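Q: Before anything else, here's the structure in question.
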Amino acid sequence: MSQTPRMRSLLVMGASALAISGFAVPAFAQQAKPAQQNTTVIEELVVTAQKKEEALQDVPIAVSAFSQDSLEAQKIDGGPNLQLAIPNVTFAKSNFTNSFNFQIRGIGAKAVGASADQGVGVHMNNAPQQSGNLFEAEFYDVERVEVLRGPQGTLYGRNATGGVVNVITAKPVDQFEANIRAEYGNHNSTKFRGMVNVPIFGDKLAVRLAGTTLKRDGFVTNTFNGHKVDDRDLYSTRVQVMFNPTEKLRTNFLWERFHENDNRARTGKQLCTKDNGPATVGGVPTGASRVFLTQGCLPGSLYAPTAYGTVNSSGSLTGLLGNIFGFTPGDVNAGDTTSTNLREIETALDPVYTSGSNTYQFTLNYDISDELTFTAMTSYGKGSVWTKQDYNRNVSAVPFNNTPFTPGGFFNDPQVGNTNKFTTIDISSGRSEQFSQELRLQSNFEGPLNFNVGGIHFTYRTLTDYYVIGNSLTLSSLALNFSKTGNPNCNPATLPTSCIGIDTAANPTGDGHNYYDNRTPYTLVSDALFGEVYYQVNDDLKFTLGLRQTRDKKAVKNYSTVLLAPGYGLTLSPTNPDQRARFSETTGRFGVDYKAHLGFTDDTLLYAFYSKGYKGGGINPGVPAGAIGVKQTFGPEFVNAIEVGTKNTMLGGSLLFNATGFTYDYKGYQISKIVNRTSVNENVDAKVYGFEIESIWSPVHNLKLNANIGYLHTKIGDGVTSIDTMNRTQSNPAYTVVKVGPNASSVGANCVLTTAGVATILAAGAGATLPFACSGAAAYQGFLATPAALGGAGLPAATAAFLANGTGLYAYGAGYSIEGTTANLSGNQLPNSPHWTTSVGAQYTFDLANGWSATLRGDYYRQTKQFARVYNTAYDTLKSWDNGNITLKVEKPEWGVSIDAYVKNIGNKTPIVDAYTTDDSSGLFTNIITAEPRLYGVAITKSW
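Counted from 1, the sequence shown has number 1400 at position 728 by our numbering; the numbering is strictly sequential.
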């Protein structure tokens, strides 16, 4: 291999393929060559992206790496901030508990559900983490964080179509080390972080203890009670023990614990362009029936003034039932709007968030010979989470009507409590357990042929519950019980086919049918054999062949959602109680890398690779019994990827310039939407291509500059269609959206009927019966003809027959059905895939007297507009946004003392980084995800 002036030391860097250091303090200094006083040579970070130690510039993969010091210098406190320093990467937390979408080159986690795998694999010390708190806690005492872009699998334990994030913790060493860091910032933020490394028996036995705490006030104000919410109160600790009984046998044990108990908000502000419903349909006034013709919110721009409206509650399940049974007077949010401040919400309940996890790892490396090393990695983790928050982001302005069920306008709900306001709460909880065992054998022969082969067994089990609890749901249960049995408080044990069971416990048990519970017990068993073979033709040319055989087995206990259904307790599907899915695929990669000798560079690496990636399909979460339009499973996704790149060292080692180009052919990319109160995952084909440019330059001593540019083009394939729940009619005036009535399992959702038919029903004075028409002609006719005393409309048989069959309600044209019509997605962009991401940074170190130095650093990031959904409408558009950070570090290495000051998000901007559309039965409101506000603070660190 050619030698260059580059220093093969481990450095504090981080900006894409390499990174700028705020202050170059090499780790593992015994491996470093001493630098001259005024050198501008850029030092490199050594990584294990290919499961062996290599300088970043020698790795033929698009990989970014960050040491602990570089993370601090660029204020990359945790996983969400990584996007600010890596091209073609986006990040946003998800709408649900303990979930996120870390997206690389347009590929991430847009599928929703317990059985949905991440597109970007998250690993800790090379061990896969199906769930955990890696992106909730902050980075602490890490050796480095590596981010690999592109399909992975021939070296990493779990398949990843988008890439891999690998957090490598700092390991015990054979010399005493310790540090402590205290930080105080705005929002009353206090952080403490520390580490102590104690060698017990030379280089044979050592213990390393590390921990971090974070406590701060909330970023969001609840204007209903004046409380600050979305605060943090968490800690994480880590214990590691190194035991190396011989030179050939090296082991490391790790135990990490995470705990959080605060008012973290799972979702941000709620936006809605209110849909008042049409005043006329086909020229016929809608009158009192207008409340059944609203979908709650319209698909308007999230940036328009009208987006700060409130959900027309008549367009939600709870509002629909309230209107039908008479305890609400139409839209309970009438005349109400929300604050235009994206950091203000109005909720009757402050969020509650508790989470905890324990992770155990044991790694063994044994040198069978000088040329062969055997590695065994065992990992076990267990975690739980429980969160509760107000489902809506405004407190209704209109109280309940005075009815026998709501005397004086008040109702005492067993879960919500006593109130006169329409109130809905959601609870998201889960517990998980995972185990992995990986075995590898790696060669280091002198000859041209080497290999790295292994296998992994991975097991993951989880039980999740997602509840939506509302006082209007319990009221509806009582009203339905009264209409069917004559007794609102009937006993479902004696009347199992007609009586809705009501849970009287303050915290839901899951047995009640007066609330929604999507329960998912899920088991994943994945086994794989994988490996790579390397053929070094000469010092400059190397071929790589990697293969992987994966077998995924997924199983879900198929609980039906039983909201407002007769009976008590959750029930397994009678036809398919155990939903199973199995996938077996062979994937791999093949490529070549070449060390080119060019006259204008000191060192040049050229590489080209083809890879095939795979991510397993899965099982859609539980659906209402008898629901239509919802598939039980979704398919796997595949990507055929081609990547070419070059890594260059120039100007005597003072300039690094890297470029990568890629093209993906995607089959079955998994996306999600909410239909009939559950997540429905679909598969679409897509093409992706783009490039990334990364550079670092040190033109003079103590000055370092970096710049990254990412371009991304995504295009959904031809012939791909999907129903857009925000616009089921595709704005065709020949069709009208109607709320689904309580005679259907999908009650509260939306259906589509012909405008002419709806106009005829309205003209006949039967507009109040329209929700019952969403079950089809036969069911509608039956309802119309059923006596009122038995819960029907009580119309004459002839009239019922005419209204159901003679009005043309179901006379659909080509491509239309009671579900609506599909939108053409051909040529649309994939969600969360901005065309351009750019970041630039600069730092200068001032050498002061008496061994002190001061390093000033600035970073700027910008991404262009993107879409939150595949439909690419004006409603889906998320505007471009940018961010600026600045840090100042004053230190005296001789004393081990440093003082830091920082400002993050200098402009105090509040960009919308992602948006989540809820389903028809909730009124189609939008939960938005925003970036953090301006943060500033100071910290002092003492090292020994």
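From the three backbone atoms N, C-alpha and C, an ideal C-beta is built for every residue, glycine too. Everything numeric in this text was worked out from a predicted model, so none of it was measured.
If the criterion is Cβ atoms closer than 8 Å, does the pair residue 1291 and residue 1392 meet it?
A: The residue given as residue 1291 occupies position 619 in the sequence shown. The residue given as residue 1392 occupies position 720 in the sequence shown. For residue 1291 and residue 1392, no; Cβs fall outside 8 Å.
Q: Among the residues of its own chain, which have a CB less than 7 Å from the CB of residue 1140, if the five just before and after it don't count?
A: Sequence index remark: in the sequence shown, residue 1140 carries index 468 (1-based). Excluding sequence neighbours, residue 1140 sits near 1063, 1096, 1098, 1187, 1188.
Q: Does DSSP put residue 1470 in a helix, a strand or coil?
A: Residue mapping note: residue 1470 aligns to position 798 of the sequence shown, counting from 1. DSSP places residue 1470 in helix when its eight states are reduced to three.
Q: As an exercise, report each continuous beta strand (DSSP E) stretch of at least 3 residues that is fully enclosed by the region 1246-1271, in chain order.
A: 1250-1268
Q: Within its chain, find whatever has a CB closer than 6 Å to the CB of residue 1429; leave out the 5 residues flanking it on each side and keep chain order.
A: Counting from one through the sequence shown, the residue named residue 1429 turns up at place 757. The answer, listed in chain order, is 1479, 1480, 1481.
Q: Along the chain, which unbroken stretches of the beta strand (DSSP E) at least 3 residues long are found entirely within the region 1443-1502?
A: 1494-1496
Q: Where residue 1297 and residue 1135 are concerned, what is the direct C-alpha to C-alpha distance, given to the nearest angstrom?
A: Reading the sequence shown from its first residue, position 625 is the one you call residue 1297. Reading the sequence shown from its first residue, position 463 is the one you call residue 1135. Because residue 1297 carries a pLDDT of 46, less than 50, the predicted location of this residue cannot be relied on, and the following value inherits that uncertainty. Taking the straight line from one Cα to the other gives about 20 Å.
Q: For residue 1177, list the residues DSSP reports as bridge partners.
A: Walking along the sequence shown from the start, residue 1177 turns up at place 505. Paired residue(s): none; residue 1177 is not in a bridge.
Q: Within 8 Å (strictly less), CB to CB, does residue 1342 reach chain C?
A: Here there is only one protein chain, and chain C is not present.
Q: For residue 1567, count the other beta carbons within 10 Å of its own beta carbon; 16 or more makes it buried, fewer makes it exposed. Which is it?
A: Mapped onto the sequence shown, residue 1567 falls at position 895. Exposed, since its Cβ has fewer than 16 Cβ neighbours within 10 Å.
Q: Where does the unbroken alpha helix (DSSP H) through residue 1144 begin, and where does it stop?
A: Counting from 1 along the sequence shown, the entry for residue 1144 is found at position 472. Residues 1143-1157.
Q: Hey, out of 972, 961, 1555, 714, whose CA is closest to residue 943's CA?
A: Counted from its first residue, the sequence shown places residue 943 at position 271. Taking only the C-alpha atoms, the option nearest residue 943 is 972.
Q: Please give me, in chain order, every unbroken run of the beta strand (DSSP E) with length at least 3 that falls completely inside the region 779-844.
A: 792-796, 814-821, 835-841
Q: So, for residue 706: in the same chain, excluding its five sequence neighbours on each side, which residues have a beta-carbon less than 7 Å away from its beta-carbon?
A: If you number the sequence shown from 1, residue 706 lands on position 34. Here the model assigns residue 706 a pLDDT of 38, short of 50, so the residue's position is not dependable, and the following value carries that caveat. So the list is empty, once near-sequence residues are dropped.
Q: So what's residue 1278 in DSSP terms, helix, strand or just coil?
A: Position 606 of the sequence shown, counting from 1, holds the residue named residue 1278. Strand, per DSSP.
Q: Tell me the DSSP secondary structure of residue 1577 in three-state form.
A: As a first step, residue 1577 must be located in the sequence shown, where it is residue number 905. Residue 1577 falls in the coil class under three-state DSSP.
Q: Any idea which residues DSSP pairs residue 953 with across the strands?
A: Here residue 953 is taken as the residue at index 281 of the sequence shown, counted from 1. 956.
Q: Which residues in the same chain as residue 1176 place their Cβ atom closer than 7 Å to its Cβ, once the five residues preceding and following it in sequence are excluded?
A: By one-based count along the sequence shown, residue 1176 stands at place 504. So the list reads 1086, once near-sequence residues are dropped.
Q: Which one of 1423, 1240, 1498 has the shortest CA to CA distance from residue 1484?
A: What you label residue 1484 is simply residue 812 of the sequence shown in a count that begins at 1. Residue 1484 has its Cα closest to that of 1423, out of 1423, 1240, 1498.
Q: Does the beta-carbon distance from residue 1016 to residue 939 come in below 8 Å?
A: The residue you call residue 1016 lines up with position 344 of the sequence shown. The residue you call residue 939 lines up with position 267 of the sequence shown. Contact flag unset, no.
Q: In the DSSP assignment, what residue or residues form a beta bridge with residue 1553?
A: The residue labelled residue 1553 in the question sits at position 881 within the sequence shown. BP columns for residue 1553 point to 1535.
Q: What does DSSP give as the partner residues of residue 894 in its beta bridges?
A: Numbered from its first residue, the sequence shown carries residue 894 at position 222. Answer by DSSP bridge pairing, in chain order: 899, 1017.
Q: How long is the line joining the alpha carbons of residue 698 and residue 1026, rounded to whole angstroms?
A: Along the sequence shown, read from residue 1 onward, the residue named residue 698 stands at position 26. Along the sequence shown, read from residue 1 onward, the residue named residue 1026 stands at position 354. Residue confidence for residue 698 is low, a pLDDT of 27 falling below 50, so the modelled location carries little weight; the figure read from the coordinates is stated next. If you take the alpha carbons of residue 698 and residue 1026, they lie about 39 Å apart.
Q: Taking the DSSP output, what are the residues bridged to residue 1032?
A: Reading the sequence shown from its first residue, position 360 is the one you call residue 1032. According to DSSP, residue 1032 shares a beta bridge with 927, 1052.
Q: Spell out a yes or no on whether the region 1299-1318 and the region 798-817 are touching, meaning 3 or more CB-CB pairs, one atom from each, closer than 8 Å.
A: no
Q: Which runs of the beta strand (DSSP E) spanning at least 3 residues fall entirely within the region 1371-1428, listed in chain order?
A: 1375-1388, 1393-1395, 1407-1411, 1422-1426
Q: Do residue 797 and residue 1033 have their beta-carbon atoms positioned less than 8 Å apart in this structure?
A: As a working note, residue 1033 is residue 361 in the sequence shown. As a working note, residue 797 is residue 125 in the sequence shown. In contact: residue 1033 and residue 797 (Cβ atoms closer than 8 Å).
Q: Using beta-carbon positions only, say whether residue 1092 and residue 1082 come within less than 8 Å of one another.
A: Position 420 of the sequence shown, counted from the first residue, corresponds to residue 1092. Position 410 of the sequence shown, counted from the first residue, corresponds to residue 1082. Cβ atoms of residue 1092 and residue 1082: closer than 8 Å.
Q: Which residues in the same chain as residue 982 place their Cβ atom closer than 7 Å to its Cβ, once the five residues preceding and following it in sequence are excluded?
A: Taking the sequence shown and counting its residues from 1, one reaches residue 982 at position 310. Same-chain partners within the cutoff: 944, 946, 1005, 1008, 1009, 1010, 1066.
Q: If you draw a straight line from the C-alpha of residue 1512 to the C-alpha of residue 1421, how long is it?
A: What you label residue 1512 is simply residue 840 of the sequence shown in a count that begins at 1. What you label residue 1421 is simply residue 749 of the sequence shown in a count that begins at 1. Answer to the nearest angstrom: the Cα atoms are 47 Å apart.
Q: Along the beta strand (DSSP E) that carries residue 1326, what are the first and last residues, could you check?
A: Numbered from 1 along the sequence shown, position 654 holds the residue referred to as residue 1326. Unbroken run through residue 1326: none, as it is neither H nor E.
Q: On the premise that residue 1287 lies in contact with residue 1260, defined as a C-beta separation below 8 Å, what is that separation, rounded to the nearest angstrom?
A: The count along the sequence shown starts at 1 and reaches residue 1260 at position 588. The count along the sequence shown starts at 1 and reaches residue 1287 at position 615. With a Cβ gap of about 15 Å, residue 1260 and residue 1287 do not count as contacting.
Q: What's the call for residue 1252, buried or exposed, on a 16-neighbour Cβ count within 10 Å?
A: Here residue 1252 corresponds to residue number 580 of the sequence shown, with the count starting at 1. Classification of residue 1252: exposed, given that the 10 Å Cβ count is below 16.
Q: Name the DSSP bridge partner or partners of residue 1519?
A: The residue given as residue 1519 occupies position 847 in the sequence shown. DSSP lists 1525 as partners of residue 1519.
Q: Return the first residue and the last residue of the beta strand (DSSP E) that residue 776 is part of.
A: Walking along the sequence shown from the start, residue 776 turns up at place 104. Start and end: 772-776.
Q: Specify, as a first and last residue, the run of the beta strand (DSSP E) that residue 1198 falls within.
A: Counting from one through the sequence shown, the residue named residue 1198 turns up at place 526. Here the beta strand (DSSP E) through residue 1198 covers 1188-1208.
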